[in-house]
Amino acid sequence: RGAAPAAPSGTRPWTRPGAAPPLPQPAEQRRGPVHERVDRTQRYERQAEKKLETPYVRPQPKPEPPREYRKVTLTEGLTVKDLAEKLDVRTKDMIKKLMDRGVFATINQTLDKEMAKEIAKEFNAEADFVTFEESVMLDAVEVSTVENALPRAPVVTIMGHVDHGKTSLLDAIRKTRVTEQEAGSITQHIGAYQVKVKDNRKITFLDTPGHEAFTLMRARGARVTDIVVLVVAADDGVMPQTIESISHTRAAKVPFVVAINKVDKPGVNPERVKRELAEQGLQAEDWGGDTVTVEVSAKTGKNLELLLEMILLVADLQNLKADPSLPAMGTVLEAKIDKGRGNVATVLVQNGTLRVSDNFIAGAIYGKVRAMFDDNGQLVKEAEPSTPVEVLGLE
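Residue numbers (the numbering used here): 1 to 395.
Listed below in structure tokens is the structure:
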């Protein structure tokens, strides 16, 4: 028998086939010298003590910079998500503000006016609520471009005390006999008329009822107008409905033009009327104020041309414009049932152009324009901004 073959060069003896592995070394030899273990233990202890001396502090988020003050326009029935988008904040921040107030809301939950205003204040914003129709008008104005905007005719509302000559003044301007057709010389409806003045310019007049029962309608008329002509009779002076008309006009933030009517009557004193108007905060220009005041007579036609010039002057200062290229937006001034024509609405187009066959919606009413008539009863195919028309086609 020969000797076992030698292990290949570079290999350990126990790796050859059939060799048993070596026995494990004692623990002391594997852990290294004692002094090295002591040094390692001391190092761990020092690190642990250092951690105890320096407590962990959670990093604080950087404070957000203060938000700039802003004004936002809101509509009724807005949701939490809508308010967050208007205020340009995260929805979760909005929900947290509501939770702080004890309100547990989802992003699709609606908010009432007061709550929305309070939340807006917390984000340094002031909220102003408008109706849905007004918001649509505002959106249309934003869409309108400067290039397409064109000058439009001013819309003028005639307001004042009963029997002070509002309709007679408008009648004198239109050179038609409207007053004679109306029962009791009191206007029974809101009429809208467009007249041509010098240089082929136009003025649209709204004639509001003078009786106390039509207070709400008068307030509605003040919201669609650009200028208010306040008619005050020189023989009566300022009366309760005169003060009421002043209040509505101020609430609508509309400029005044005062027409002191019936100056043709003997013994009248227009200066007394100016003094009474000054007591209401309307100081005439010749008294050092800024209220345009014209002494007129609807009966004789005195100073009517001057009144129209003053209306155009005040309108030019407002730089009134609209975009005829947009879909029509307007206000329904009156709706009635005509025996021969069915449902008829008097509409004042405020922006865009209304055309025959256009579909429309007004509150809960909808329809399609079947025909349109101007203030003279003539058929028209389209109505541009500041134009009043009678519309047929309400469902």
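All C-beta atoms, glycine included, are put in the ideal place defined by N, C-alpha and C.
Would you kindly work out how many angstroms separate the C-alpha atoms of SER245 and ARG272, rounded to a whole number?
-> If I take the Cα positions, the gap works out to 19 Å.
DSSP bridge partner residues for GLY288 (one or two, in chain order) = GLY288 pairs with nothing; no bridge assigned.
Host alpha helix (DSSP H) of GLU276 (start-end) | It spans 270–279 - the alpha helix (DSSP H) in which GLU276 sits, taken as one unbroken run.
For the alpha helix (DSSP H) that LYS339 lies in, which residues bound it at each end?
-> Looking at the DSSP string, LYS339 is not in any alpha helix (DSSP H), and its letter there is neither H nor E.
Residue ranges of each beta strand (DSSP E) run of no fewer than 3 residues wholly in the region 64–144, ordered along the chain?
-> Here the runs fully enclosed are 70–75 and 125–130.
From the DSSP output, in three-state form, read off ARG370 for me.
-> In the structure shown, ARG370 sits in a strand (DSSP, three-state: E or B).
Does the count of Cβ pairs from the region 345–362 and the region 117–126 closer than 8 Å reach three?
-> No: the two stretches stay apart, fewer than three of their Cβ pairs being nearer than 8 Å.
Continuous beta strand (DSSP E) stretch holding MET239: start and end | Per DSSP, MET239 lies in no beta strand (DSSP E) and is assigned neither H nor E.
VAL294 to SER325 span [Cα, whole Å] = Roughly 37 Å separates the two Cα atoms.
Selection from ALA153, TYR366, LEU150 and GLU76 that minimises the alpha carbon distance to VAL115 = In the sequence as presented, Val is not what sits at residue 115; that position holds Met. Among ALA153, TYR366, LEU150 and GLU76, the Cα nearest to that of MET115 belongs to GLU76.
Would you kindly check if the distance between the Cβ of VAL263 and the Cβ of VAL296 is under 8 Å?
-> Taking 8 Å as the Cβ cut-off, VAL296 and VAL263 qualify as a contacting pair.
Three-state secondary structure (DSSP) of SER297 | Under the three-state reduction of DSSP output, SER297 falls in the strand class.
Apart from the five residues just before and just after LEU87, which ones in its own chain have a Cβ nearer than 6 Å to its Cβ?
-> Same-chain partners within the cutoff: PHE123 and ALA125.
Where the alpha helix (DSSP H) through LEU317 begins and ends | For LEU317, the enclosing alpha helix (DSSP H) begins and ends at 304–318.
Anyone know if the C-beta pair for THR346 and GLU390 falls short of 8 Å?
-> Yes, these two residues count as a Cβ contact at 8 Å.
Tell me whether ASP286 is buried or exposed, calling it buried when 16 or more other Cβ atoms sit within 10 Å of its Cβ.
-> So ASP286 counts as exposed.
Among ILE311, TYR44, LYS381 and VAL344, which has the Cα closest to the Cα of LYS196?
-> With distances taken between CA atoms, LYS196 lies nearest to ILE311 out of ILE311, TYR44, LYS381 and VAL344.
Who are the Cβ neighbours of VAL344 in its own chain at under 8 Å, not counting the five residues just before and after it?
-> Only ALA335, LYS336, ILE337, ASP338, GLU390, VAL391, LEU392 and LEU394 meet the Cβ criterion.
Compute the distance between the beta-carbons of PRO388 and ASP375, then report whether it is under 8 Å.
-> For PRO388 and ASP375, yes; Cβs fall inside 8 Å.
Distance, GLU68 Cα to GLN188 Cα = Because GLN188 carries a pLDDT of 42, less than 50, the predicted location of this residue cannot be relied on, and the following value inherits that uncertainty. If I take the Cα positions, the gap works out to 50 Å.
When we look at the beta-carbon of ILE158 and count the other beta-carbons within 10 Å, is it buried (16 or more) or exposed?
-> Classification of ILE158: buried, given that the 10 Å Cβ count is 16 or more.
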